[in-house]
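Protein chains in written order, with this note's numbering: chain A, 1 to 220; chain B, 1001 to 1220.
Cβ atoms here follow ideal geometry from the backbone N, Cα and C, with glycine treated the same way.
Protein chains: 2
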Amino acid sequence: MRIAVFGTGIVGRTLAAKLDSLGHDVTVGTRDPQATLARGGEDAYGPWQRAHPAIGLAPFADAAAGADLVVNATSGAGALAALGAADLAGRIVLDVANPLDFSHGFPPRLDPVNDDSLGERIQRAHPDARVVKALNTVNCAVMVDPSRVPGRHDLFVAGNDAEAKQTVVALLGTLGWPADSVRDLGDITGARATEMYLPLWLRLMSTFGTADFNIRVTGL
Amino acid sequence: MRIAVFGTGIVGRTLAAKLDSLGHDVTVGTRDPQATLARGGEDAYGPWQRAHPAIGLAPFADAAAGADLVVNATSGAGALAALGAADLAGRIVLDVANPLDFSHGFPPRLDPVNDDSLGERIQRAHPDARVVKALNTVNCAVMVDPSRVPGRHDLFVAGNDAEAKQTVVALLGTLGWPADSVRDLGDITGARATEMYLPLWLRLMSTFGTADFNIRVTGL
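Pasting the structure below:
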């Protein structure tokens, strides 16, 4: 599959590397490739790119052009601007981000919350795209390697397009998530539910000092 | 233990009946006992009271007087007014409610949300009380009978007073929740995390058509 991964942070790179290793044609999308490559420090992109020579880097619009699937792995706050730069008509948009607002410190607030969600905002901004919310309830290392967490544990999907959800569930299967561990929450308004789970995830992470955990829904 | 259960709805009655069956001295607190007894229809209190003759019914302040533990099983919106009628100094307040606002329809909004919670509001209104948030992440039938959901599954506690949390964890043990299935989220600000889980619980409930489910945290 031709896949564009929007976001050059740890989430985007982790997903891009795994999808590349699975044989997909992966391009990372960024606002300004030259600025991304010039970035230094711990978050430097250049060394990572040299370790993954098959993964392209392109402006958002170019990365999305011709992609079958666009992964939104931006910081959440930057998602609408990043996706707004691209033509997403007909494409599957796999939104793995959470609308975390760190401007008041840690733990972050969610914005939007309650009666709207990032997934819905993306769908409204791109009515011809087929947005699927998934993977936003686990750390990126767990996203691509669910065996980091012992036993059976679950993901959630939400989206208006059943075929797009099927494609995403199949892709999640190749990441190691059995189809029966992916709970379908219905249309894209289900994104509110999984985004609002984040405060519990963050509290567990900070209390127990690890991101290698998840939840299993029992009884359903 | 002498226990006051605030709230005459299904949650309060389910908890009161179970605690009574375990040998506790239980009084249900309500704003106006005569009005509660006069209530007709499906939610009538009289027939239930006749089936549980050992369970008292009293105004909030009288129910709390002398109680070792006060359970807040009100609707959430009415919690502060109900608890405000009682002297809670030194008492353990087990807050099982969620601040659900149905004024915009279903699903309800949470109010407060993000940087405050019902648990914290109760603690701030009663600085001398020892508030413990727990049980608000499962249906009341599951609260008192976790075996309705197969396998291991978890609860959360949050509160500022370690001894009060220990007392609550021991009480939960008598309801059928093993101590190692109760995850301690630290101080009362952890109530934000479990209250904000409610939208996911509600979405799962409405999608799968049952309230007999829960989550298990895996990897911690």
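Practice problem: Taking all protein chains shown into account, decide if G159 (chain A) is buried (16 or more other Cβ within 10 angstroms of its Cβ) or exposed. | Solution: buried
Quiz item: In chain order, what residues of the same chain have a beta carbon less than 8 Å from the beta carbon of D1212 (chain B), not counting five sequence neighbours either side?
Solution: N1139, A1141, V1142, R1148 and V1149
Quiz item: Which word fits E42 (chain A), buried or exposed, when buried means at least 16 other C-beta atoms lie within 10 angstroms of its C-beta?
Solution: exposed
Quiz item: Hey, out of A:W201, A:K165, A:T210 and A:A179, whose CA is closest to G190 (chain A)'s CA?
Solution: A:K165
Self-check item: 7 Å Cβ cut-off: residues of chain A touching M1196 (chain B)
Solution: M196, P199 and L200
Self-check item: Which of helix, strand or coil DSSP assigns to V1011 (chain B)
Solution: helix
Quiz item: Are the C-beta atoms of D115 (chain A) and some chain E residue less than 8 Å apart?
Solution: The structure shown contains no chain E; its protein chains are A and B.
Practice problem: To the nearest angstrom, report how far apart A38 (chain A) and N72 (chain A) are at their CA atoms. | Solution: 22 Å
Quiz prompt | As assigned by DSSP and simplified to three states, the class of A158 (chain A) | solution = strand
Quiz item: Opposite P1059 (chain B) in the DSSP bridges: which residues?
Solution: B:T1030
Quiz item: Taking Cβ positions only, does G1176 (chain B) come closer than 8 Å to chain A?
Solution: no
Quiz prompt | Contacts around T36 (chain A), its chain only, beta-carbon distance under 7 Å, and the 5 residues preceding and following it disregarded | solution = Here the set comprises T8, T30, Y45 and L57.
Practice problem: Show which residues of chain A have a CB atom less than 9 Å away from the CB atom of P985 (chain B). | Solution: Lying outside 1001 to 1220, the shown extent of chain B, residue 985 (chain B) is not represented and no answer is given.
Quiz item: Where does F1106 (chain B) sit, in a helix, a strand or coil, going by DSSP?
Solution: coil
Practice problem: Helix, strand or coil for I1188 (chain B), going by three-state DSSP, please let me know. | Solution: coil
Quiz prompt | Coil, strand or helix - D116 (chain A) by DSSP | solution = coil
Exercise. Using the Cα positions of A1016 (chain B) and G105 (chain A), report the straight-line distance between them to the nearest angstrom.
Key: 41 Å
Quiz item: Would a C-beta distance cut-off of 8 Å place V1216 (chain B) and I215 (chain A) closer than the cut-off?
Solution: Contrary to the premise, residue 1216 (chain B) reads as Arg rather than Val in this sequence. In contact: R1216 (chain B) and I215 (chain A) (Cβ atoms closer than 8 Å).
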